[in-house]
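Beneath this line is the structure, given in structure tokens, with notes to follow.
Protein chains: 2
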Amino acid sequence: MRKGAETRERILEIAEASVLAKGFGATSIEEVIAEAGITKSGFFYHFKDKNELARALMLRYVEENDRIFDDVFHRGRQLSDDPLQSFLITLKLLAELMGDLPNGHPGCLIATFTYQERLFDRTVRDIAAAAVRSWNGRFRDALNEIAAVYPARKGMDLDDVAIMFSCVIDGGIIMSRGLGDPRVLERQILAFRNVVKMLFAPAAPEIMQPPTAVAAE
Amino acid sequence: MRKGAETRERILEIAEASVLAKGFGATSIEEVIAEAGITKSGFFYHFKDKNELARALMLRYVEENDRIFDDVFHRGRQLSDDPLQSFLITLKLLAELMGDLPNGHPGCLIATFTYQERLFDRTVRDIAAAAVRSWNGRFRDALNEIAAVYPARKGMDLDDVAIMFSCVIDGGIIMSRGLGDPRVLERQILAFRNVVKMLFAPAAPEIMQPPTAVAAE
DNA sequence: GATCTACTGTACCGGCGGTATGGTTTTCAC
DNA sequence: GTGAAAACCATACCGCCGGTACAGTAGATC
């Protein structure tokens, strides 16, 4: 039964765009089904209510982001053996990725659902929280690896730095939208990249030459 | 006619809490008027439609935040003549302020409206954008003042650093909510404070002794 | 006593989320 | 090729909500 999955996917795609543009409450099922070319019965065949749609959207979004992070971290590690250089490359790649989006980042579902929590059952929020925690863990692991080689500047908790990256991304998306300038997000990721540089290179820049080949500048 | 302004304010207060908790779309006028103890006609006497309610909420929120920033920047300048120390104090005060909120930060209206832009006319978005720009300008001015005394680390655009603070605040609010930990926001502001420290003290910590008296640690 | 402010009360409309139920086509397994 | 399951369509209906319209009224103000 291939066609069912296709229709379901089409619904999710249309709904995601609408949710990111207007918010979940303002996304009407009737609009979605009109654009998808199906009837209301068809929609409720795939999702028993709007809550289940939210859950599916969330799962889809989390998986997609996981893939992106997998890819960009993997390529970072491929291009350098040094954990600091590798993370800096990863950040650069991520910044490029965000800068290349033609109409700017479409928005963060985590943020939209976080601001509409009372509309959903616990599961949606739990999925979001788990995903954020997992991403933060990823960043923190990368930072810990670096800290094992380069002494980190004192006074900075690496857990907080890891969370800060999530904040910069989410905040950057909001700022990009609010200010109407899609490049803000890219610049913010690069700014955070500089913070990482500062964090692990407190002394003169001579020390900072990468042990391995590839330069990330 | 004092009573009219009072009722209007009560409506705004109830509506703001509901919008931050559930999103604007899910905030029903009927709920608001039930809690305010007025009728629907009474509501539409004060606001001609939901759009005007949004605009009023936005203005109120922006003014409130302006007041907070005014206060915290003013006190920072009172407590030190050195621009770096003064800004660090301001950040510390802001962090304390956010940490002292009993149930965590109620949320950022800017973020919620940014994610529901198509629901409103231009004016609401324009108010939000103007406010964000003004706050960013404030942070940038503070950084520029510091840079005139302390040489900033190269490679970091101060405009981006200023915007980064807005990102950290908005992102921090989202993370606090999403992770269910109100202290994240406070910690993030303090983490950003460390970034500012790093930015203007690239060499050994001895250089960083404040020219004036008050220590902000 | 007239006027204005700040509402209340009632009645109504259309859109939307959601339910129910029954029918129809498409797809795949055997 | 057939039968069963999957993937829908059609129709009718409910209740909530945003919004409109309009008539009325208690209290403050002049």
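Residue numbers (the UniProt record's numbering), protein chains in the order written: chain A, 1 to 217; chain B, 1 to 217.
Glycine is no exception: its CB is placed at the ideal position from the N, C-alpha and C atoms.
Asked                                                                                                                                      : Found
Do you know how far the Cα of R8(B) is from the Cα of L185(B)?                                                                             : 31 Å
Buried or exposed: where does T114(B) fall if 16 or more other Cβ atoms within 10 Å of its Cβ makes it buried?                             : buried
Between which two residues does the alpha helix (DSSP H) harbouring T123(A) extend?                                                        : 122-149
Taking a contact to mean a Cβ-Cβ separation below 8 Å, would you say G171(A) touches V168(B) in this structure?                            : yes
Expressed to the nearest angstrom, what Euclidean distance is found between the alpha-carbon atoms of R153(A) and D159(A)?                 : 14 Å
Just reading off the alpha helix (DSSP H) that I38(A) is part of, what are its end residues?                                               : Taken as a continuous stretch (DSSP letters only), I38(A) belongs to no alpha helix (DSSP H), as it is neither H nor E.
Can you find a C-beta in chain B that's less than 8 Å from the C-beta of R153(A)?                                                          : yes
Using CA coordinates, which residue listed in E16(B), E145(B), E6(B) is at the minimum distance from G107(B)?                              : E16(B)
Under the assumption that L190(B) contacts L109(B) (Cβ atoms under 8 Å), give the Cβ distance between them as a whole number of angstroms. : The pair is not a contact, with the Cβ atoms about 24 Å apart (cut-off 8 Å).
Along the alpha helix (DSSP H) that carries G178(A), what are the first and last residues, could you check?                                : 158-179
Name the chain B residues whose beta carbon is nearer than 8 Å to that of D170(A)?                                                         : C167, D170, G171, I174, M175
Can you pull the chain B neighbours of V58(A), defined as C-beta to C-beta under 9 Å?                                                      : Reading the sequence as shown, one finds Met at residue 58(A) and not Val. Going along chain B, no residue has its Cβ under 9 Å from M58(A), so there is no contact; the nearest lies around 12 Å.
Are there 16 or more other CB atoms within 10 angstroms of the CB of Y61(A), so buried, or fewer, so exposed?                              : buried
Is A95(B) close to chain A, meaning its C-beta is less than 8 Å from at least one C-beta of that chain?                                    : no
Let me know if V149(B) comes out buried or exposed under the rule of 16 or more other beta-carbons within 10 Å of its beta-carbon.         : exposed
Using CA coordinates, which residue listed in E63(A), S80(A), L199(A) is at the minimum distance from A130(A)?                             : E63(A)
From what residue to what residue does the alpha helix (DSSP H) around Q188(A) run?                                                        : 183-200
Apply the 10 Å Cβ neighbour rule to P102(A) and answer buried if 16 or more other Cβ atoms are within range, or exposed otherwise.         : exposed
If you reduce the DSSP assignment to three classes, tell me which class R153(A) lands in.                                                  : coil
What did DSSP end up calling N51(A) once you bin it into helix, strand or coil?                                                            : helix
Do W135(A) and F192(A) have their C-beta atoms closer together than 8 Å?                                                                   : no
So, is the C-beta of A15(B) closer than 8 Å to a C-beta in chain A?                                                                        : no
With respect to the alpha helix (DSSP H) encompassing F24(A), which residues constitute its N-terminal and C-terminal limits?              : Element bounds for F24(A): n/a, residue is neither H nor E.
How many angstroms separate the CA atom of F87(A) from the CA atom of I33(A)?                                                              : 43 Å
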